[in-house]
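Protein chains in written order, with the numbering used here: chain A, 1 to 150; chain B, 1001 to 1150.
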């Protein structure tokens, strides 16, 4: 490998600020959710992806693509959510692509109960301190990075 | 609670793009690190925080404050890193505030070996697609959010 292109001082500051923000924001959102609704941020993300779909169901590989978790993490997490009654698995043997993950009535109830407090917290901790311009710039930046990630 | 202040369409798009970027970027950085150096992103973050300190040592509560992990996650993670020889614990009984976590020679070797590939990947996936203006705006946004998080 050629000698690495280190980050310059501006990039270094921006990167560290981004990592700090991400870590703290995630921790705060997780604590609020757990305290007020008993869901973790990971549960919430799985349930959001399922409720986005007609009939509330997805194949595990679709969830993995959306969430970008390691396969073993996703699989363990779904097993725990199934045990808690938040999702079920629905066999689908005819096409050989394995089971669907389906949101249960209990899962729908849990995310409906959790959403107002979670969204309020996202607003209070994140959007209330930003201008419309900053919000638009963030969306653009995230989309630019996602394009590179392919 | 009053009726929740839902996110409007612009905020919703920005928030989802941010979450998608964060998830995908973290997954890619983690995969590169694991494949090229056998460290996880979590190992890397712990080692970075330790190498930032004179003598390469911190108290667990300082690491927890910096990383914002749940205490049980941090504690399990440090135990695994200790078992792999990346950190050691140094008792410090006189002041009753518990042991230090100290980076080992093996830990220093591991992060020195991992850093060039990791930084190159951060540059390639993130900074190479952004303008200086976007980088400056990101730093400002992250600092604004961190101020609110207190």
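We put the beta carbon where it would ideally sit given N, CA and C, even for glycine.
Backbone secondary structure at residue i - three-state DSSP
i	result
residue 1026 of chain B	helix
residue 149 of chain A	helix
residue 1090 of chain B	strand
residue 127 of chain A	helix
Nonlocal neighbours in the same chain, by C-beta distance under 7 Å from residue i, ignoring five residues either side
i	result
residue 1026 of chain B	1041
residue 1104 of chain B	1085, 1086, 1087 and 1088
residue 1030 of chain B	1040 and 1041
residue 20 of chain A	none
residue 1064 of chain B	1071 and 1074
residue 1018 of chain B	none
residue 43 of chain A	81 and 86
residue 1121 of chain B	1029 and 1032
residue 151 of chain A	Absent from the structure is residue 151 of chain A, since the part of chain A shown begins at 1 and ends at 150.
Neighbourhood of residue i by C-beta, 6 Å cutoff - its chain only, sequence neighbours within 5 removed
i	result
residue 107 of chain A	47, 86 and 87
residue 82 of chain A	none
residue 129 of chain A	none
residue 1137 of chain B	none
Exposure label - residue i; buried when at least 16 CB within 10 Å
i	result
residue 147 of chain A	exposed
residue 1015 of chain B	buried
residue 1032 of chain B	buried
residue 71 of chain A	exposed
residue 52 of chain A	exposed
residue 1139 of chain B	buried
residue 24 of chain A	buried
residue 35 of chain A	exposed
residue 150 of chain A	exposed
residue 69 of chain A	buried
Cβ shell of residue i (< 8 Å), same chain only, five flanking positions each side left out
i	result
residue 1127 of chain B	1135
residue 1037 of chain B	1110, 1113, 1114, 1117 and 1118
residue 1045 of chain B	1067
residue 125 of chain A	25, 28 and 29
residue 1102 of chain B	1050, 1055, 1056, 1057, 1087, 1088, 1089 and 1090
residue 1007 of chain B	1015
residue 1145 of chain B	none
residue 1143 of chain B	none
Short CB-CB distance (under 8 Å) between residue i and chain C
i	result
residue 1021 of chain B	The structure shown has no chain C; the protein chains it does contain are A and B.
Contact between the stretch 1069-1080 of chain B and the stretch 1006-1026 of chain B (3+ Cβ pairs under 8 Å): With the rule of 3 Cβ pairs closer than 8 Å, the stretch 1069-1080 of chain B does not count as touching the stretch 1006-1026 of chain B.
Closer than 8 Å is the cut-off here; do at least three beta carbon pairs connect the stretch 1126-1134 of chain B with the stretch 1109-1116 of chain B? With the cut-off at 8 Å, the stretch 1126-1134 of chain B and the stretch 1109-1116 of chain B do not touch.
I'd like the ranges of any alpha helix (DSSP H) spanning at least 4 consecutive residues and lying wholly in the stretch 36-62 of chain A. Listed in chain order, the complete alpha helix (DSSP H) runs (minimum 4 residues) inside the stretch 36-62 of chain A are 41-51.
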